[in-house]
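S.K.: Pasting in a structure now, in structure tokens, and then I'll have a few things to ask.
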Amino acid sequence: MTENIPKTMNVGVLYGGLSAEKGISQMSGEAVVKSLLKLGYKATGISVDRALPSRLKEEGIGAAFNALHGKFGEDGVVQGVLELMGIPYTGSGVAASALAMDKVLTKHLLTGAGILTPPFLVVGKPIEYSQLLRQSGMNLPYMVKPACEGSSIGISKVSVPEELPGALAEAFTHDSRVLIEKFIEGQDVTVAIYDEAVLGSMEIRVREGSGRQFLDYEVKYTEGLEVFNIPPSLPGNVLKSVEEAALNAHALLGCSFYSRIDFKVAPAGRPYLLEVNTLPGLTALSYVPKIAESRGMNYEDLINGILQSASLKGRV
Ligand SMILES: Nc1ncnc2c1ncn2[C@@H]1O[C@H](COP(=O)(O)OP(=O)(O)O)[C@@H](O)[C@H]1O
Ligand SMILES: [Mg+2]
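Using my numbering, read the sequence shown as starting at 15 and increasing by one per residue.
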């Protein structure tokens, strides 16, 4: 591998931040710092707050490894700061990050490109959704989610009409725009993109008897509540169409180097794209490192590869 980022350069690992996912980001960041040090890099963990630009200057940071998630970290804001300061960084650029963070914009782009995504409706405050819902012809159950969040934060399944107001109120505590999406029965599949190609896919199931109806926050972050299948138990042609849709979405949004794309695959084999994660979790237990491992790429190889991809992206 060509040394884009030399071992002599000060590498700042950005973690924490100002989003609801800062705890998860801290875990990703600590794991990344540890492996970069092991690989021989001069890595410093930088807990991100509004003083980030002066911190980057003080520490003489030459490249940034972005281990942030969510608002300000994954949505193009920090990427804009790094572009302005001329510091190469990992992950996607300003526009791709902003688009992917916004599930509504993502779904409009996907639909325009012929990539299947669950039917949905967007509501904003003040809430006047009943007529919209009637007009949409969408039947229960629904998933209600904030437009710009991650880690299943603020997401609820709505199975009966009485649950809708509570689900909307919860989602509105996180964002001023909320999606009411058709609930798709089927398998949860996630695809890792690495070096602009499909690295592999994984199916995630909720452990039987856990009483959970989807991959909610507790399921995602409690060890033992998830069961993984690599590769997903899908017919070859269905898996191929899932992976093709993932790579197309990565390119459509203008993502750089790596991402992780979440799907629900309906029993008939139709893959519904849920979202594009431009900064997927990087703890040792996260999905992308698991997929990488199954491909013979250990955690350190993965982190090294991502760091070496650091660049300035310009507008996108
Ligand atoms: N329309 C849907 N139908 C069925 N399950 C869904 C739907 N939307 C989300 N989910 C479930 O909720 C999880 C989190 O939703 P997702 O859209 O990926 O948001 P997040 O950014 O919080 O990960 C998914 O992995 C899936 O298990
Ligand atoms: Mg997701």
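All C-beta atoms in this analysis are idealised placements derived from N, C-alpha and C, irrespective of residue type, glycine included. Bear in mind the structure is a predicted one, so any value in this text is a computation, not a measurement.
With which residues is T120 paired in a DSSP beta bridge?
M.R.: In DSSP, T120 forms no bridge with anything.
S.K.: Beta carbon of E314, beta carbon of K52: below 8 Å?
M.R.: Yes, these two residues count as a Cβ contact at 8 Å.
S.K.: I want to check one thing, is the minimum distance from the CB of M157 to the heavy atoms of ligand 1 below 7 Å?
M.R.: Answer for M157: yes, Cβ within range of ligand 1.
S.K.: On a Cα-Cα basis, can you pick out the residue from E184, D116, D276 that is closest to V205?
M.R.: Checked all of E184, D116, D276; the closest Cα to V205 is D276.
S.K.: Check whether the segment 117-127 touches the segment 59-71, taking contact to mean three or more Cβ pairs, one atom from each stretch, closer than 8 Å.
M.R.: Too few Cβ pairs lie closer than 8 Å, so no.
S.K.: Taking V220 as part of the alpha helix (DSSP H), name the residues at either end of that continuous run.
M.R.: Not the alpha helix (DSSP H): V220 falls in the beta strand (DSSP E), residues 211-220.
S.K.: Can you tell me whether DSSP reads N153 as helix, strand or coil?
M.R.: Residue state, collapsed to three classes: coil.
S.K.: Please state if the CB of G168 and the CB of T187 are separated by a distance shorter than 8 Å.
M.R.: In this structure, G168 lies closer than 8 Å to T187 by Cβ.
S.K.: Can you have a look at A181 and say buried or exposed, based on whether 16 or more other CB atoms are within 10 angstroms of its CB?
M.R.: Buried, because 16 or more other Cβ atoms sit within 10 Å of the Cβ of A181.
S.K.: Evaluate S352 with the Cβ neighbour count: other Cβ atoms within 10 Å of its Cβ, from every protein chain shown; 16 or more gives buried, anything less gives exposed.
M.R.: Any property of residue 352 remains undetermined from this structure, which presents the chain solely from 15 to 330.
S.K.: Using 10 angstroms around the beta-carbon of R274, count the other beta-carbons present and answer buried if the total reaches 16, otherwise exposed.
M.R.: When all chains shown are included, R274 counts as buried.
S.K.: Hey, is K304 close to ligand 1, as in C-beta under 7 Å from one of its heavy atoms?
M.R.: Not under cutoff, so the answer is no.
S.K.: Quick one: what does DSSP say Q145 is sitting in, helix, strand or coil?
M.R.: Three-state result, Q145: helix.
S.K.: Buried or exposed for N318, please, with buried defined as at least 16 other CB atoms from any protein chain shown within 10 angstroms of its CB.
M.R.: Flag for N318 reads buried.
S.K.: Can you grab the Cα-Cα spacing for the pair P132 / S61, in whole Å?
M.R.: Approximately 36 Å, taken between the alpha carbons.
S.K.: Would you say N80 and L293 are within 8 Å of each other, going by their C-beta atoms?
M.R.: Contact: yes.
S.K.: Taking buried to mean at least 16 other C-beta atoms within 10 Å of its own C-beta, is Q149 buried or exposed?
M.R.: Classification for Q149: exposed.
S.K.: For A324, which residues from the same chain have a beta carbon less than 8 Å from its beta carbon, with the 5 sequence-adjacent residues on both sides left out?
M.R.: Same-chain partners within the cutoff: N18, I19, A77, A78, F79, P102, Y103, T104.
S.K.: Q201 lies in the beta strand (DSSP E); which residues open and close that run?
M.R.: Note, Q201: beta strand (DSSP E), 201-208.
S.K.: What does a CB cutoff of less than 7 Å around L96 pick up in its chain, not counting 5 residues either side in sequence?
M.R.: So the qualifying residues of the chain are A78, Y103.
S.K.: At a threshold of 7 Å, does L288 count as lining ligand 2 (C-beta to nearest heavy atom)?
M.R.: Yes, the Cβ of L288 comes within 7 Å of a heavy atom of ligand 2.
S.K.: Would you list, in sequence order, the uninterrupted alpha helix (DSSP H) runs of no fewer than 4 residues that lie entirely inside the segment 64-105?
M.R.: Whole alpha helix (DSSP H) segments, 4+ residues: 66-72, 91-99.
S.K.: Return the first residue and the last residue of the alpha helix (DSSP H) that A109 is part of.
M.R.: Start and end: 108-115.
S.K.: To the nearest angstrom, report how far apart P303 and E142 are at their CA atoms.
M.R.: Distance between the alpha carbons of P303 and E142: 42 Å.
S.K.: Compute the beta-carbon to beta-carbon distance between K278 and Y286, rounded to the nearest angstrom, for a pair I have assumed lies under 8 Å.
M.R.: Right, their Cβ atoms sit about 5 Å apart.
S.K.: Taking 7 Å as the line, does the beta carbon of G295 fall inside it for any heavy atom of ligand 1?
M.R.: No - ligand 1 has no heavy atom lying nearer than 7 Å to the Cβ of G295.
S.K.: Quick one: what does DSSP say S49 is sitting in, helix, strand or coil?
M.R.: Helix.
S.K.: What does the Cβ neighbour count give for K85, buried or exposed, with the cut at 16 atoms within 10 Å?
M.R.: Counting Cβ neighbours within 10 Å, K85 comes out buried, since at least 16 surround it.
S.K.: From the beta carbon of V47, is the nearest beta carbon of chain D less than 8 Å away?
M.R.: Absence of chain D from the displayed structure is noted, only one protein chain being present.
S.K.: On the premise that I194 lies in contact with V137, defined as a C-beta separation below 8 Å, what is that separation, rounded to the nearest angstrom?
M.R.: Indeed, because the Cβ distance is near 6 Å, the residues count as touching under 8 Å.
S.K.: Runs of 3 residues minimum, wholly inside the segment 271-315: which ones carry the beta strand (DSSP E) assignment?
M.R.: Those beta strand (DSSP E) runs which fall completely within the segment 271-315 and span 3+ residues are 272-279, 285-291.
S.K.: Quick check: the Cα distance between V192 and A280, rounded to an integer number of angstroms?
M.R.: Going from the Cα of V192 to the Cα of A280 covers about 23 Å.
S.K.: Assign V174 to buried or exposed, taking buried as 16 or more other Cβ atoms, counted over all protein chains shown, within 10 Å of its Cβ.
M.R.: With fewer than 16 other Cβ atoms within 10 Å, it is exposed.
S.K.: Have a look at the DSSP bridge pairing and note the partners of A57.
M.R.: Answer by DSSP bridge pairing, in chain order: V25.
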